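Residue numbers (my numbering): 31 to 124.
Structure (structure tokens):
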């Protein structure tokens, strides 16, 4: 076989200090908007839903109790004409 030339490799003789610790402070949300939307559809499509249903909604660390009417776009609509964005809701249950 023919001897082929070797690749050029530069020698590393310097010290690297680019390995710094990184801290992220964002909150992880395990439930997606689609999961919340599916839970709302299950509540609305149940046999016990007539026009309003009292549900518990977890937003942040707070639990609020509202009577929901339905869902429009990316908002949950309550009986008091309050719009709650689905992106803020962590969990919802009866």
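Just so you know, even glycine gets a beta-carbon here, dropped at the ideal spot from N, CA and C.
Keep in mind it's a predicted model, so treat the numbers as computed, not measured.
Taking C-alpha positions only, residue 88 is separated from residue 117 by approximately 12 Å. Leaving aside the five residues that flank residue 115 on each side, the residues in its chain whose CB is nearer than 7 Å to its CB run, in chain order, 104 and 105.
In the structure shown, residue 65 falls within a helical segment according to DSSP collapsed to helix, strand and coil. Taking all protein chains in view, the Cβ of residue 96 is crowded by 16 or more other Cβ atoms within 10 Å, so the residue is classified as buried. Judged by DSSP in its simplified three-state form, residue 121 adopts strand.
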